[in-house]
Each structure stands twice: as C-alpha cells, then as structure tokens.
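See below for the structure under consideration.
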Amino acid sequence: MLSSAPTKLISDDGRRADGRRLDQLREIKMEVSTLKNADGSACVAYGKTRVMVAVYGPRELHPKHLALPDRAILRCRYHMAPFSVEVRKSPAPSRREIELSKVIREALEPAVFTELYPRTSIDVFIEVLQADGSTRCASITAASLALADAGVAMRDLVAAVAVGKVEGKLVLDVMDVEDKYGEADLPVAMMPSKKAVTLIQMDGQLTFEEFKEAFNLAVKGCNQIYDFQKEALRRHFAPKIEELEGGMSSG
Amino acid sequence: MLSSAPTKLISDDGRRADGRRLDQLREIKMEVSTLKNADGSACVAYGKTRVMVAVYGPRELHPKHLALPDRAILRCRYHMAPFSVEVRKSPAPSRREIELSKVIREALEPAVFTELYPRTSIDVFIEVLQADGSTRCASITAASLALADAGVAMRDLVAAVAVGKVEGKLVLDVMDVEDKYGEADLPVAMMPSKKAVTLIQMDGQLTFEEFKEAFNLAVKGCNQIYDFQKEALRRHFAPKIEELEGGMSSG
Amino acid sequence: MLSSAPTKLISDDGRRADGRRLDQLREIKMEVSTLKNADGSACVAYGKTRVMVAVYGPRELHPKHLALPDRAILRCRYHMAPFSVEVRKSPAPSRREIELSKVIREALEPAVFTELYPRTSIDVFIEVLQADGSTRCASITAASLALADAGVAMRDLVAAVAVGKVEGKLVLDVMDVEDKYGEADLPVAMMPSKKAVTLIQMDGQLTFEEFKEAFNLAVKGCNQIYDFQKEALRRHFAPKIEELEGGMSSG
Amino acid sequence: MAERVIPSVKRKQLLELAARGKRIDGRGLLDMRPVQIETGVIEKAEGSAVVRLGSTMVMVGVKYEIGKPFEDTPNEGVLSVNAEFVPLASPTFEPGPPDENAIELARVVDRGLRESKCLDLEKMCLIPGEKVWIAWIDIYVLDHDGNLIDASALAAISALLASKIPEAKVENGEIVLTGNYVVPPIRDRPVAVTIGKLGDQLIVDPCFEEEEVLDCRLTASFTEGGLLCAMQKGLPGAFTADEVIKAIEIAKVKSEELRKLLPPLVTQHG
Amino acid sequence: MAERVIPSVKRKQLLELAARGKRIDGRGLLDMRPVQIETGVIEKAEGSAVVRLGSTMVMVGVKYEIGKPFEDTPNEGVLSVNAEFVPLASPTFEPGPPDENAIELARVVDRGLRESKCLDLEKMCLIPGEKVWIAWIDIYVLDHDGNLIDASALAAISALLASKIPEAKVENGEIVLTGNYVVPPIRDRPVAVTIGKLGDQLIVDPCFEEEEVLDCRLTASFTEGGLLCAMQKGLPGAFTADEVIKAIEIAKVKSEELRKLLPPLVTQHG
Amino acid sequence: MAERVIPSVKRKQLLELAARGKRIDGRGLLDMRPVQIETGVIEKAEGSAVVRLGSTMVMVGVKYEIGKPFEDTPNEGVLSVNAEFVPLASPTFEPGPPDENAIELARVVDRGLRESKCLDLEKMCLIPGEKVWIAWIDIYVLDHDGNLIDASALAAISALLASKIPEAKVENGEIVLTGNYVVPPIRDRPVAVTIGKLGDQLIVDPCFEEEEVLDCRLTASFTEGGLLCAMQKGLPGAFTADEVIKAIEIAKVKSEELRKLLPPLVTQHG
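Those protein sequence lines, which keep their order, are chains W, E, S, B, H and A. Just so we're aligned: 1143 in this note's numbering is position 149 of the first sequence, and the numbers increase by one with no gaps anywhere. Just so we're aligned: 1205 in this note's numbering is position 211 of the second sequence, and the numbers increase by one with no gaps anywhere. Just so we're aligned: 1099 in this note's numbering is position 105 of the third sequence, and the numbers increase by one with no gaps anywhere. Just so we're aligned: 150 in this note's numbering is position 147 of the fourth sequence, and the numbers increase by one with no gaps anywhere. Just so we're aligned: 239 in this note's numbering is position 236 of the fifth sequence, and the numbers increase by one with no gaps anywhere. Just so we're aligned: 260 in this note's numbering is position 257 of the sixth sequence, and the numbers increase by one with no gaps anywhere.
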C-alpha cells in the first residue's frame, strides 16, 4: 500500500492533510492492562500509529551476574511488526530500532524508582503494530502507562509528542507523511508534573527561534497527552477502587 | 545433477520409477558402531537416502544450569551435508532442519529411559549424507540404533517409514521424485512392540479413508524396518556375546 | 582507488615498482605506547602498510571458567579497517581474518612467558589501518612491541617479514602489487636471538632450492626488523630510564 | 531447545479432572474456548486479523510485494509464512530470532495453507521467471495462553480472506500498478485443529496450563471439502494407533465448526 | 545494553568541583580540550582524518563506491555512516557487531551530516535508479577518553572535506572512470557539540571520567548558517526546559569555534 | 579460540617414546597410518570421496554450479572450499558455524588446490563476467583421530579426480546443458603432508593423542612436479630453521608416496 508524495501538506486555511489544525493532536486512544500474561500492559494509538507495550517485572534477572546491588535494571526493546509499515520490514532488529530502544529506555528511566527494586530487571517490550509517524512518542507514552499498570513505583508518568515543521509551519503530533516530506521533526518526552525533559531528538533544520517555539508547542502537547494518560489510568483503576471501597463498606 | 519431472511415476503394471512394487521398501542397509569417537553410532540407507548418526552421552551437560534433576536431556540435531542434495545446500541450519530436529527428538524421547540418567545430556547428531526422500524416517531409524549402540536404556527401538500417495495410489517408503511430484507424504515413526506412534506428519491431500489405509501401510512398513534394526543389532552384538561366552567357557 | 595490473614489477636494472632493491625493506616506522587506554600499544608501518596494536592484560578473564590454572590465555584478534583496502571491506570478520588471528597468536605465543600469569588473559588487538601487503608480518612485529610495552615478560621479540617471488626473482618485504601479481609469497616470523621460527606460511610455487634461498632471505629480513624493534623500544624506554637514573642520582 | 520441566502435581490434578471428563477452566474435554475473530485491524497491511482463543491473542498481517519467483517454480507466486513470539506475549519468550517452537508454528501453518492450495499461486505470477506476487503472512503472538497453532492458522486464513491485493498490469514487459485493489485468488479455507493427549483422554484446544502437562498433541488441517491436508504430532509422548484415528475424527468435526466463523469465499477476479 | 554502574564517590567529587566551576583536569566548565585534526592519513581511502580531543582519538575513512540507489530515492547518491568501537580503544570495548552505543554514535553523526545536506546527494547520481555513488563514512574509535560524538562528527566532516571523488562519465549507458579525481559536492560544514549535565551545571566536551557520572547529555549539530540540524539527548537523566535552551546556546557558540578548525568549502566542480 | 590444555603426563610419555624412535600406536616416527580412499560414495554429488587415515574419516563432496565470477577475475571459474567439523566426529566438536580450526583447515586445503593450479579455472568460464562454473568442495569430518589436514586434502583431490562436470554450451548468449557429463579440467594432483614436532623429533601423520601434545606442526603441499605450493605452520610452538628444512624434505618424500594412491590424470576434454 504505497503512498505517493502529496502536493500540499497544509491547506490555505491552515488545515493539515488529515484535517487537523496545526496545534491539534490526532485522535488519541489509550487502554491499560490489555494483556493477560504481562505484569503490566497498555495499548496506545495516536491516529493510525498503534503500539502495544508489555512490562514484565520487577523480576529476577538472568543471567544473575548482570544484576545491580542497588537498583533494578531497566531494559527496553522497541520493535516494529513486519506488517506495521508500507514495505514489509524484516523482523531482525534494525539499527534504528536499536537506537530507539536506547533513547526510549533513557527517556523512561528518570521516572522509575529503580532503587526500590535492587537485583531485579524491569523489562519493557514495545511492539509497533502500525506506524504512521511519532512511533517513539506513542511508545514512551504507552510504556509509562504499562509501568504504572505493573505497579512499578514512578516519580511521574512520561508523556511524549513530536512537533514538526511542515511547509514552514510548526505542527503538533507529526504523522508519517509530515515526517517524510516536512522540514523538521522534534520528538520530546517529559515528566509533565516535574517539568523534566527526558527525551529530545531533532532531525531537519530549525532556527534557534523556531526551535524555542517548537519546543514550547511540544511541552504543551505533552501536557495534553498527560491528561489522556491520567484519564486512562483512572478508567482502569477506578472500578477496582470502587469495588474495593464497596467491599469495605459492605464489610 | 538436476533431474527433470518424470512423465509417469507408476507404470501400468504397478511398478514404481525404480521398479519397486507399491508396498515395497527400497534396499535397506544398516550398520551399527560405524564411528570410533562416538559413544554409539549407526549408518542407515533407504536406497540412496543415507544417514549417519552419532550419539554422545549420557554425559555431563554444559552449561550445567540446563541440567534436569530428574532425568537426562535428550538433544537432537538433524543436519544435511551440503553435497547431499541436487543443489548445494548452505551449511547453516535451515528452518526445515530446525523443525525436523525437534520432531525427531520428540519421536525418540518416548523410547528413552531418560529418568535413569539425571543431570546428563544425551546428544543425537544426525547427518544426512545423501537425500533421496524419507530422510527424517531414516534418521529416526538410525538414531534409535545409535542410542542402542551407546548402551542407552530404551523401552523399544523406534522405526520409521513414509507412505506416499502417487498418481492416486498409496506407496511405501517414499523416494524423492515421489515426494516431489506425488500428492501426499505421510511419515510415521513407531515403537513397534509397544504399538505406540511417536511421529506423524502429513503434507498433501488425503481423504479420511485414504489416511487410514496409508497409516496401516506405514505401520506395516515400520514393522519391516524394525526387523532390519533387530537384525543389525544382532549382527553387531552377537559376535561380542559369543566372544564373551567363549571367554567364559574357556575360563 | 583501484589500481590496474602493472606491466613490469622489476625493472631491467633490478629495481622494484617502488624503486627498492630486491633485498631491501620498505621504509620501516615504529612507535611504541601510542594509545592511552591500552596497557601496551605500538604502531608499525612497512611502507604504506600500517597497523596499530593494543595489548590489554594480563587481566582477569571473563568468563572465568575459561581461565587456565597454570598460565595466561593469549588471545589475538587481527582485524582490518573498512577503509584499509581498495574496495571497502565489511567490518564483520572474514574467514581470512579468523585464520590470520590464529596463526598470529601461534606466532606470538612461543615468545610469551604465559606461565607467569596464571588465570589471566593477555589480549592482543590488531587493527590494520592501511593494507599494502605483508599485513600479517607487520602485525606480528607490532604485537610483540605492544606486549613489551605492556610489560609482559617475553623470551624474545618476534620479528616478521615476507619474501616473495616476482618475475622469477626473490624479493624482500612483499608489497600488495607484488603479492597480487607475483608467483609466491612466504611470510616468516622469528624470535631472532633464539633463531626460532614461529610462523611460516606459503602461497604460490617454489622449488625446494628456491624455498631455501627465500627462507634465508626472510631470516635476514627478520634480523633487520629486529634491529628496528630494539631501537624503537630504546627510544621509548631510554628517556624514562634516564629520568629514573636522574631521579636516583639527584636523590 | 530449552527442555520443559513438567510440573508433576499439576499434571496429576489435570489427569484426575480429565478422567472425570473435566478441565481446569470448567470446559468439557471437547469444548473450545470462546473464539473471536476481528479483521482489518492494521490499515497499512493488505490484510490483517486478530484471533482470540480465550486469553490467547494472535495477530496476523498480510503484505503483498512484487519479487522474484523461486527458480523451480517460475510461474508461481510465493507464499511466505513467518512467526514471531514477541517477548510481550509470555514471560517465557525472549527477544531474538525465532526458536524451534516459533519455526514449527510457522511451518505447520504454512503447510496447512500451502497443501490446501488455498492461494492460487499461478494467478500470482506477473512475468514468468521474473516477477511474481509474494504473500508475506506474519504471525505475531501477542498473548500466549496455549494452542497457538489453531489460533495462528485461523488468524492467517482470516487475514488472507480479508485481504486485497493491488491490481497489476503488465505493459511492454513492465509492471504497472493501477492503484486499484482486487480480491486475491483464494479458493479454499483450510482450518487446523489440535488435539491434546492427557493420560488416556483426548482434549480439544488445550490452554497453556494444559500444554505444560500434555503427553503429546496432534494437529490436523482440513480443506473446505473435508480433506486432510496437513498433520503434525508434537511433544515428547506417544499416541496409540487408535488415538491417532480418534483424534483426527474429532479434529474434523471441530474444523467444520470453526470454519463457520470465517467469511465465505468470494468469486475470484478475472 | 550493559548497565552502567555510577561510581558514587567519583560523582560526589566531580559535583563539588563543578559547583565551584572546576573540572577534574583543570578546565573551566565551558572549555574544550585541545583539538587536533590531521587529514590524508590513509592514502588508500578517498578521504581520511584523525581527530584528537585530548586523549580521545578517532579515525574516519571515506570510501566512494558505485552502487545501486535506494528504491525511494532513485536520483540520489547514498550516504552510509558506520561506527566501530574496536577493542583496542578501551578495556570496556569487546569484539563483535556494533552495540547500541556504537549504533547511536553512527546515527547521530549520520543525522548531523544528512540533515545539514552537506553532501549534495543528487550530484552523486550517475544513472538514475541504477548507479550512484555511495559514500562510506567509517568511524573508527582508536582511544576512548570521552565525547566520542563530537570527535567523530568532526573527523567525519574533516575526512569528507579532504576527500576526492573519482571522476565518472556516463557513455552509452556505461560508466567510465576517467582516472582523475575531483572535489566531491560538499556544500556545508556541520559541527556537533555535546553538553553534559552534572548536577546543576552544564559542561562542554566531557571526558571519560565525567561521562561516567553525568546525569545526561545533549548533542546539537549546527549548519554553517547557524541552523540547528540534529539533536540527541542521551543517558538516563533529565533536563529542565531552561537547561535545554541554555545547552543549545552554549553548543552554538562552541560549534562556531570548532568550525574555524576546518578547511573552507571549495567551489564545486561542474 | 578455546585454549588447549596440554596433558603433561601424556606429553612426557610420548616424548620418551619419540626419543627412542617409537610412537604410541607402534608406528615408526616417519610412518603413516593405513590410508584408504573410496570415491563415488555420494551419487548426488558430481564427485565424492571418503578418506580414512587410521580411524580418521573425512568425506568430501564436489558440486558444480553455474554462478557469477568474482569481479576481479571475470574470465575464471570459482573454487570454494569449505570445512565443517560436524559434532558427530568428536566429543570436542560443537554445532555452529565453523570455528578457527575448521576455517584454517578449509583455507589450507584451498591453498594447496589453488596454488597448484590443479583446476584450470579459465576453462570453467562460460560467459565472461557473467556465468562461470563454481566448484564447491565441501569437507565433512566424520571421525577425528588427528591429521585432518592431510586426510582432507587427499579426499579433496580424490573427489575432484573422480568428479564429472555437466557439459554446457553457450547458444545465443544462453547456457544450455547437454545432459552429458565430461571430465573437469584438472591438470595437477597436489598432496599435502603434515609433520609434527614433538620435543626434538619430527613425526609424520600425527594421531589425535599426539596432536594434543605436539609443540607445533608444519604442513607442506607439493605439485605433481615436486614444487612446494603451500605451507602452514600451526600450534603455539617454534621450529628451528634446520627443522623447517628437514620437515619439508620428509614431507616431499611422503607426498610422492601418497600420490601413488591417486588415480592418474585423464586427458582433458576439448
């Protein structure tokens, strides 16, 4: 299903190829605890970009000599399904996937109280089921939900979003066609309530002024994503808490 | 040495491409204890299909943490020599070889008293030296001889043979050209004296009635192979037993 | 930077393609202790052939179960930089590099008192930065300097040089074009003061008489290389010894 | 090749249940778990499906690509089935190339599809010996609660049935994509059913806990017309000859039930 | 994925120094170590450079080869950046395929070159869709004393600027090498600068000991015209938003200093 | 790279024996074990041989395939020698890609064949730059009792001498196989002999127990005309210069004895 280069990515009235305003997120969907086997899991969609994340751990680490005496090891694998992209991707991890696994891990680690789980590993497995831009951001967002679902103690959730420059304009939540034919891509991850930036990458060309503007837009987008995350956790945990309270009140 | 598609696989008088009757095995050759280094070995030929099997073990397992406290680990590698087939095969194990290693291991395991050898491994190395159909069957047959030669305690030998459907007829002991241009292939392994089926696979298309008929023919074939196996062991061990008895009587 | 086949490798007045006499080495350069991190290092050039060698160790061996109770394990990796040859070389080790790693290790090992460092490893990492023939010889020469720089006790340095047969004549210190278009290549490594031959390989065709002559030329060449090695060590260590003596005399 | 350790207490418990016709999750011996099939879940793939068998969840994506045919079948398209046990599906799965279990799964699903001749590979040839359609069937196990073979086979045929293939024309020896999509040349709907042996009992659709203690299993695939088109015995135990026959009979009945969950075959293009 | 163990005593010491504006090797927080650039060191490569940042030593070789373009950019040459951490450079490096650190390094250097559009890839196309120049940029770390990204990026652009590309003509659809060498189509000189965060302080050009205890780092690459063209945050810590801005401002200034060490751009051929 | 552990008691015993001109299996220092050569053992291969040196057993298969020549030798066929130490041959062999010992073996056998120019590779070119014959020589070690090099080299040349190559014609730029087989263009019969050094003694054809305690070994290959065409010193010990000369003299004599076991060269086709 090959797509051809579009003629125009932003219409005269400031609408993007999918009808969004410049500073508008795509439809965001989040589901927590999707999987049975995993200790925690989440499924997140930014439009057609869909990722599934499972967390196993904290659990005993094999081989043991890799364990750290003072904290958990956070491990992370970002991986794309062969059918997630237009041209089938070989299942062997690409250099891009290896790099993203590293930066995603480093974006999550500041949020995790690894020191509470010495000698263990916390494994974050990310599968991109469909890729339509901003997959690393959706992955970070989903991974922090899955960590929360697994009951791993965290300083804050991590929310991520990418800002792009397309036809000279800054746009929020970059989709594939904008990434491919746009002028710049700036993915940012934050712990919103801590105002701490845990991931920042950039491709393309931006003046310093454009960068600052784009960065501020990304911060705003992360805060919106953060609201969706909290809402998803509330939806998931609220019934249980009610149940618990119900159980207690009836007791 | 490429062969071209044959015009007819079964002649009007019911003879196969190599002159066999439908329910006839190829020339079967078996030799036990062919190799010096191995603890047990056997060389088996079903016509031009020739396999050599070595067994090492029961022996200490490396790495040790893989050892089981209550029984031996049976390991099995089915591998084809690069020159065993018409177009040279790369020595790296193919997906087919990995699958066959697994099903052969699972076909042998019911026959081995693994519980007598806790914390050890029993390694079965199969080399297909020439492939002319039914290599997995010849491999199982040879492997159980090599296990016996290594002195591994067994419930029974395992004998295997494939039945095919060729030009609408069921044939015993499928050779390459019949596998390639026939309509179905049904390899079966059994512990004949236990009447226990330890391998069954099928490719192609069979009605349920055809399947039952083919399966019965395979059972019959396994019994014939079993007779060859017993004869080969007798040939190998009889002289030693006579020697032993001679030694004792002269004592 | 592809070179084409030369018309003549030895001129009528007995000069080689680069102006050398038949029994003349290229310009030899040696530098000891080039690198900061390594325990010992050396950089050696035979003309345009340039190798850098680092030695780490004697050091603790991982995994430990590979350690030997009575001596050090000498490990050696010969590796070519992708840009060292005319057509870019893939960084994955080739079969040639694996073979050369083995023969170089076996050429160095007779010189090393491995028995003084039980349970350790001594790792020799060789990088060919530019290849213009005789890289294995330059590697051995550099490796023994790096071992000396690391303070590893040695019976003798190992010096190496290749003799070739080119247009019917024997030549010392074979360069790439002579190796490629010549009739034979004979690399030899020695512990010169022990008169012990630790590497000998040969490609091409030589009569037994030619071989003896070539071998004698190689021995002569090794002795010349040996002089360069001793000089390089003297240059490196003399200032320190003087310093030390200065320090003592002033004390 | 990791050896399985059979939990003997669990095995004893399940054997006792089975002897009384019962199973750990309350099913009868020959009951399947609830089956859910959802297709069209991945818009970027030409076909896709998610199948749930109880808690087991398998996703399959189908991609069509133009490539070279195999040398010995120059007039046929290529069918390539691959399976990945991605580590999010089970604490026992690890990252890395497919192990023997993933390879066996892919090959058993492949044989079920291939031997039923469900894809008319000759219709997938564009320029003989040069260019053909390759159908990539990627099996992605997302949650593992047993019986991956049946779930994967069902997801594979579902994804194929739901797939569209780009319309391609050959003009002056060049392939031109019209931009339209057409129905792929599918002519059968094979279904695989796996029967487990637990002591003297045969059970249908084993869950993960049951698989851990099974003696062995037998998978049989059937064409729409009821022909056996692939079989695979697995696990290190043995069947009696009678059990083999009985297992296939059960599998045949179940395969017909499962096939009812699939959409019907569509009349082919051209 | 080896986890780093942070030496806490060392971290405390460096934090105290940094708080007083000092560093372990006597530099000020925003001082680079001495930089040396040497080019033309490998005659067999079309371009080469060795860069020393203090004791860090990185060699880069550039090879030009004729090959096929990528399918989606048939009119462009190919830029391929690879990095090897050969085991002679550090006791922590091991033989084997590139690990995540080497891959990250290569990809960050690649993005700095690519996004600055320093190589005019369209001018490296010989026969569209068939034959283009491939520029292989091989980064070889020889001695590791920290800040490999900046040293490698500097070595890469230095080697490119010092490189010559074979002159090729297309005659009757065949490529003919004239035997001459010409200046490659380079039109920018991107420079990368990495800023480390150590507690509340930002430092320039961290050495190995500092890297071991950094909170995190931010690399920014700048074009000749002062545009940001690539960024990469690394290590498992976090920046405040203000620190991000400040780090980029520092990096911009330093990138201009470093660019002065490079030879000027040469007018292009053709 | 597994390090060998030298069994010192065994070494002492063999040294004492050797000093008295004796060996553990009763041979004299310069005696070979019984040699058996059998050819034509694998009908599916174009050539094959099994060689036994005492208990050492090596099988070699030769396959001819049409493929592309190397870029730098467009007018020559390809000779590819590979060796596998399959795990059935020795308790010390493990499954997996060839280790350094298997690679060394293949390369030493390769050099003996290649440098003797025994195969006339130019006669194996079909369409220059496009299509040539590839001769695959696969060495398969089946039982390892020492001196694999000599056994493998002997099996390789035996299999080649016993091989037939398909007759191919080029018609209108296409290759047509006539269906006939002809004699391959073989013009020499190189033989390799390995001499072991045990203390002060040189021995011929070391068995496995001897190899474990050797100081070092030297292999020399000779053409039919008595020219040295390949050499390889192995194992971590040293020879004196005199020993090198003496070893080669012994090897030359033994190579002539072994060559008598080979069939004669056949007049070439065409």
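Where a beta carbon is used, it is the ideal one built from N, C-alpha and C, also for glycine.
Measuring only the C-alpha atoms, how far is residue i from residue j?
i	j	result
W/Ser1128	B/Leu261	39 Å
S/Thr1043	S/Asp1167	11 Å
H/Asn78	H/Leu231	26 Å
W/Glu1177	W/Gly1162	8 Å
A/Ala244	S/Phe1202	14 Å
A/Asp153	A/Val216	18 Å
H/Ile9	B/Phe242	58 Å
H/Arg30	S/Lys1058	40 Å
So that I know if they touch, is there some Cβ in chain F lying closer than 8 Å to that of residue i?
i	result
H/Pro90	Among the protein chains of the structure shown, namely W, E, S, B, H and A, there is no chain F.
Buried or exposed for residue i, please, with buried defined as at least 16 other CB atoms from any protein chain shown within 10 angstroms of its CB.
i	result
W/Thr1192	buried
H/Thr59	buried
A/Gln235	buried
E/Gln1199	buried
W/Tyr1175	exposed
B/Glu214	buried
E/Asp1007	exposed
A/Pro209	buried
Can you find a C-beta in chain E that's less than 8 Å from the C-beta of residue i?
i	result
B/Leu164	no
B/Arg262	no
A/Met62	yes
B/Gly132	no
Does any C-beta atom of chain A lie closer than 8 Å to the C-beta of residue i?
i	result
S/Phe1222	no
Closer than 8 Å, CB to CB, is residue i near chain H or not?
i	result
W/Leu1200	yes
S/Val1079	yes
W/Gln1218	no
Examine chain S for any beta-carbon lying closer than 8 Å to the beta-carbon of residue i, and answer yes or no.
i	result
A/Gly202	no
H/Pro187	no
A/Thr95	no
Can you check whether the C-beta of residue i is within less than 8 Å of a C-beta belonging to chain W?
i	result
B/Ala52	no
B/Leu157	no
With 8 Å as the threshold, decide whether the Cβ of residue i is near any Cβ in chain B.
i	result
W/Ala1075	yes
- Message: Quick check for students: name the residue ranges of the beta strand (DSSP E) that lie wholly in the segment 1079 to 1164 of chain S, counting only runs of 3 or more.
- Response: 1114 to 1124 and 1153 to 1160, all fully within the segment 1079 to 1164 of chain S.
- Do the segment 1114 to 1132 of chain E and the segment 1007 to 1019 of chain E make contact, defined as three or more Cβ pairs closer than 8 Å? Contact between the segment 1114 to 1132 of chain E and the segment 1007 to 1019 of chain E is absent, because fewer than three Cβ pairs lie under 8 Å.
- Message: Ignoring anything shorter than 3 residues, give me the beta strand (DSSP E) runs that lie fully in the segment 112 to 159 of chain B, in order along the chain.
- Response: As for any beta strand (DSSP E) of minimum length 3 sitting wholly inside the segment 112 to 159 of chain B, the runs are 128 to 130 and 134 to 146, ordered along the chain.
- Message: I'd like to know if the segment 158 to 172 of chain H and the segment 1043 to 1054 of chain S are in contact, where contact means that at least 3 CB-CB pairs between them fall below 8 Å.
- Response: The segment 158 to 172 of chain H, when compared against the segment 1043 to 1054 of chain S, does not touch it at the 8 Å Cβ threshold.
- Task: Determine, using beta-carbon pairs with one atom in the segment 222 to 236 of chain A and one in the segment 175 to 185 of chain A, whether at least three such pairs fall under 8 Å.
- Result: Counting Cβ pairs under 8 Å, fewer than three are found: no touch.
- At least 3 beta-carbon pairs within less than 8 Å: the segment 1103 to 1119 of chain E vs the segment 1142 to 1151 of chain E: Flag = yes, the segment 1103 to 1119 of chain E and the segment 1142 to 1151 of chain E touch.
- May I have a chain-ordered list of the beta strand (DSSP E) segments no shorter than 3 residues that lie completely inside the segment 172 to 210 of chain H? Entirely contained in the segment 172 to 210 of chain H, the beta strand (DSSP E) runs reaching 3 residues are, in chain order, 177 to 185, 194 to 201 and 204 to 207.
- Query: Do the segment 136 to 154 of chain A and the segment 1018 to 1038 of chain E meet, that is, are 3 or more Cβ pairs less than 8 Å apart?
  - Reply: Result yes; three or more Cβ-Cβ pairs closer than 8 Å.
- Query: Is the number of C-beta pairs between the segment 96 to 104 of chain A and the segment 36 to 46 of chain A that are closer than 8 Å three or more?
  - Reply: The segment 96 to 104 of chain A is not in contact with the segment 36 to 46 of chain A.
- Message: So within the segment 44 to 86 of chain H, which uninterrupted beta strand (DSSP E) runs reach at least 3 residues, ignoring any that extend past its ends?
- Response: Annotation note: the segment 44 to 86 of chain H contains the following uninterrupted beta strand (DSSP E) runs of length 3 or greater, listed N- to C-terminal: 50 to 56 and 59 to 70.
- Item | Inter-stretch contact (C-beta, 8 Å, three-pair minimum) for the segment 108 to 128 of chain B and the segment 17 to 33 of chain B | No: fewer than three Cβ pairs fall under 8 Å.
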